[in-house]
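Each residue of the sequence shown is one higher than the one before, counting from 1 in full-length UniProt numbering. Here a beta-carbon is modelled for each residue, glycine too, at the ideal position from N, C-alpha and C.
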Amino acid sequence: MKPVILAGGSGSRLWPKSRAALPKQFLSLTSEQTMLQETLARLEGTDTEHPIVICNDAHRFLVAEQLRQLNVEHGGILLEPVGRNTAPAIALAALQATRNGNDPVLLILAADHLIKKLPEFHAAIAKAEMLAQAGKLVTFGIVPDQPHTGYGYIQSGDQLDYGFTVKEFVEKPDLKTAQDYVSSGKYYWNSGMFMFKASRYLEELKKFNPEILDVCQQAIDSECKDLDFIRVDAEIFARCPDDSIDYAVMEKTQLAAVVPLDADWSDVGSWSSLWETAENKDENGNVVVGDAILEGVNNSYINSEQRLISVIGLDDVVVVETKDAVMVAHKDKVQDIKNVVTKLKTEKRPEFEFHREVFRPWGSYDSIDAGARFQVKRITVKPGEKLSVQMHHHRAEHWIVVSGTANVTIGETTQLVTENESVYIPIGAIHALENPGKIPLELIEVQSGAYVGEDDIVRFSDRYGRTENKEAGK
């Protein structure tokens, strides 16, 4: 059995923590591990092979680093040049998995779900595998504990040895319909998790949506390796229809089966769902993450990243603070956060895509101050890592080392710069920064010039392959 982890998506409903460059699957929201790491960790104890992880091209180094932190070997990190929904993504994974004559059972998991009861989850996997080996396309149906209107539902049909046939997939219902579904005992929440043999999925996809299969086959036949990543042909894949596995296959096939899952599951789709699933509520029903002082507050979720938050005399609110944004909402209105995110995107505000602290494969940088003709950053470079060889047309830079040792190249000259020492990089000078030491390198960078935007960069060489991709920033 080969896990396929779907790690795409923007997670906009959890803004301001989740952003386009760092969506929720890469955040630590329910434990010290990120949601992607939790997804991988809960496979321990199951008979699974190295997972295939599918992610957006822009998130590839986040995935690689989070797998490295867990010492998880992977069966390939597939990069989607553009998002085309779950049916094409799973098709790419199935085509990759069936190379060399293999035909594994695929366990399709989202990277941003919460599952608390692992024994029940593992038992459901075992049942689903029996059905998948028999040729079924299995989905996991969550046993509902309330008439939720935010999920699609699956109506079960005839009893099978390890589950049920699927009678019908239904859209998100109104409250009265949801109440009827739950009271009938025949409906389950649609979890978005699946299991089937790779070949069987490809057969059914060819039957019901051959264009998706044809484009994905062409795109993966033209793949190229980039470090640990598998890149499919971007121009070909962009022609692929945008469709979910539900619409493309599961609602049409006669082979769909559902295995009930009662394992304290949540898709963590909003800040209110984090409040609902939290086990650390205080005596007033509040969940507090970080530094906060509450007075007369009930049934609220408070999340502080850097500063003290004080909330007084409010009930049923969500307050989330990051280094560059604060979001306050009523718990019943948190779904409207997507409207705020849309406005940020339309106005091209940086808060839509990036946090103030931006992570790179070599480390991170935090933009701590900025003005009309200057910007100040705190840069952290991991041991042994190196930034690209680069130059800037419009800005000069001063680097002041505050911890560790920097190996700095400016033009043809290379020098070591240690703590409390600084170096100046003139406009137009080709330069590079490397950490040759065993501890993180931290420095303060002061940029000054007519333009200090992240796109003022020309890369000449880069160990992470970013010269061809033209990624902005360091």
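Measuring CB to CB, does glycine 313 end up less than 8 Å from glycine 296?
-> yes
With a Cβ-Cβ cutoff of 8 Å, do proline 261 and phenylalanine 121 count as a contact?
-> Reading off the sequence, residue 261 comes out as leucine, not proline. Yes, Cβ-Cβ distance for leucine 261 and phenylalanine 121 is below 8 Å.
With distances taken between CB atoms, is the gap from proline 119 to lysine 2 smaller than 8 Å?
-> Between proline 119 and lysine 2, the C-beta gap is not smaller than 8 Å, which leaves the two residues out of contact.
So does the segment 27-47 actually touch the segment 191-201, counting three or more Cβ pairs closer than 8 Å?
-> no
Same chain, Cβ closer than 6 Å to tryptophan 275, neighbours up to 5 away in sequence not counted | Taking tryptophan 275 as the centre and dropping the five residues before and after it, the same chain places the C-beta of Val287, Tyr301 closer than 6 Å to its C-beta, in chain order.
For the beta strand (DSSP E) holding leucine 202, just list the boundary residues, first then last.
-> Segment 198-208 is the alpha helix (DSSP H) holding leucine 202; no beta strand (DSSP E) there.
Let me know the secondary structure DSSP gives threonine 414 once reduced to three states.
-> strand
Can you say whether lysine 377 is buried or exposed, counting buried as having 16 or more other CB atoms within 10 angstroms of its CB?
-> buried
If you draw a straight line from the alpha carbon of serine 364 to that of serine 266, how long is it in whole angstroms?
-> So the alpha carbons of these two residues sit roughly 31 Å apart.
For aspartate 456 and glutamate 347, the rounded distance between their alpha carbons | 21 Å
Asparagine 469, DSSP secondary structure in three states | The pLDDT assigned to asparagine 469 is 48, lower than 50, so where the model puts this residue is not dependable, and the model offers no usable value.
Would you tell me roughly how many angstroms separate the C-alpha atoms of glycine 157 and lysine 186, rounded to the nearest one?
-> 8 Å
Through-space distance from valine 317 to glycine 371, alpha-carbon basis | 34 Å
Quick one, are the C-beta atoms of arginine 13 and glutamate 353 less than 8 Å apart?
-> In this structure, glutamate 353 does not lie closer than 8 Å to arginine 13 by Cβ.
Counting along the chain, where does the alpha helix (DSSP H) carrying valine 182 start and finish?
-> Judged by DSSP secondary structure, valine 182 falls within the alpha helix (DSSP H) whose first and last residues are 175-184.
Boundaries (first-last residue) of the beta strand (DSSP E) holding leucine 443 = 441-449 is the extent of the beta strand (DSSP E) around leucine 443.
Kindly list the residues whose CB is nearer than 6 Å to the CB of cysteine 224, restricted to its own chain and excluding five residues on each side of it in sequence; keep chain order.
-> Arg231
According to the neighbour-count rule (16 or more other Cβ atoms, all chains shown, within 10 Å of its Cβ), is alanine 126 buried or exposed?
-> exposed
State buried or exposed for phenylalanine 237, treating a residue as buried only when at least 16 other CB atoms are found within 10 Å of its CB.
-> Residue burial annotation: phenylalanine 237 is buried, with at least 16 other C-beta atoms found within 10 angstroms of its C-beta.
When Glu203, Lys474, Gln96 are compared against glutamine 447, the one with the closest alpha-carbon = Lys474
Since I believe proline 436 is in contact with threonine 405 (beta carbons under 8 Å), could you give me their beta-carbon distance rounded to a whole number of angstroms?
-> 6 Å
Among Gln96, Asp291, Asn407, Val328, the one whose alpha carbon lies nearest that of glutamine 217 = Of the listed residues, the one whose Cα sits closest to glutamine 217 is Gln96.
Within 8 Å, strictly: CB atoms of phenylalanine 61 and tyrosine 464 | yes
Look up aspartate 226 in the DSSP assignment and give the residues it is bridged to.
-> Within the DSSP bridge table, the entry for aspartate 226 names Phe229 as partners.
Name the residue from Ala58, Ala94, Phe164, Leu36 whose alpha carbon lies nearest to the alpha carbon of residue 498.
-> The requested residue 498 is not part of the displayed model; the chain covers only 1 to 474.
Could you give the distance in angstroms between the alpha-carbon of arginine 466 and the alpha-carbon of glutamate 385?
-> 15 Å
Using 10 angstroms around the beta-carbon of tyrosine 451, count the other beta-carbons present and answer buried if the total reaches 16, otherwise exposed.
-> exposed
Using alpha carbons as the reference points, say which of Val389, Lys116, Gly269, Ala89 lies closest to cysteine 55.
-> Checking every option, the nearest Cα to that of cysteine 55 belongs to Ala89.
When you compare only the Cα positions, how much space is there between alanine 91 and leucine 227?
-> 22 Å
Is glycine 371 helix, strand or coil by DSSP?
-> coil
Close Cβ partners of leucine 202 (< 8 Å) along its chain, the five nearest in sequence each way excluded = Ala91, Ala94, Leu95, Thr98, Leu213
In whole angstroms, what separates the C-alpha of threonine 413 from that of arginine 395?
-> 20 Å
Among the residues of its own chain, which have a CB less than 6 Å from the CB of valine 170, if the five just before and after it don't count?
-> Tyr153
Does DSSP put glutamate 347 in a helix, in a strand, or in coil?
-> Three-state result, glutamate 347: coil.
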